[in-house]
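> Residue numbers (my numbering): 287 to 415.
Glycine included, C-beta positions come from ideal geometry on N, C-alpha and C.
All values reported here derive from a predicted model rather than from experimental measurement.
Take this structure, written in structure tokens, and hold onto it; I'll ask about it next.
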């Protein structure tokens, strides 16, 4: 028999790995907001993930920042309310795929937005020329 702790721990590992994992920008921050066990969701959790990218400017005096902020769709767990699920990692596997797709979507959009500027300045050492 599983406990919610097992499911929560597997979710926490995925979130921590994503939050502190490899990133494409030096000044990229990641976070999430969650509503754990809301009454209207029968014990399931709702989470939304966020990525902000800073360190780019429209001017060479670094006074006009270009900040890109992204929020994911809502991710909903599906096995926290189950008494004895077959796979306690099912939500973690779904979350990992969800975060991978969200991060790719953010990076694709960020590249598109940043390349739209005719001239862009940065304090990000990865992008300095």
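#1: Just curious, the beta strand (DSSP E) that residue 349 is in, first and last residue?
#2: Within the continuous alpha helix (DSSP H) that includes residue 306, where are the two ends?
#3: What's the gap between the Cα of residue 295 and the Cα of residue 356?
#4: Determine whether the beta carbon atoms of residue 314 and residue 366 lie at a separation below 7 angstroms.
#5: What are the boundary residues of the beta strand (DSSP E) that includes residue 319?
#6: In whole angstroms, what is the alpha-carbon distance linking residue 361 and residue 334?
#7: Any idea if residue 378 is buried or exposed, counting beta-carbon neighbours within 10 angstroms, 16 or more meaning buried?
#8: Tell whether a beta-carbon distance below 7 angstroms holds between residue 350 and residue 343.
#9: State the CB to CB distance for the pair residue 411 and residue 308, rounded to an integer number of angstroms; the pair is presumed to be in contact (CB under 8 angstroms).
#10: Could you please give the first and the last residue of the uninterrupted alpha helix (DSSP H) stretch that includes residue 380?
#11: Would you identify the three-state DSSP class for residue 357, choosing helix, strand or coil?
#12: Got a sec: is the Cβ-Cβ distance from residue 388 to anything in chain B below 7 angstroms?
#13: In the DSSP output, which residue or residues are listed as bridge partners for residue 407?
From the atom records:
#1: Per DSSP, residue 349 belongs to no beta strand (DSSP E) and is neither H nor E.
#2: 290-306
#3: 26 angstroms
#4: no
#5: 314-321
#6: 6 angstroms
#7: buried
#8: yes
#9: Going by Cβ atoms, the distance from residue 411 to residue 308 rounds to 16 angstroms, so no, they are not a contact pair.
#10: 376-401
#11: strand
#12: Considering every chain present, this structure includes no chain B. It has just one protein chain.
#13: 343
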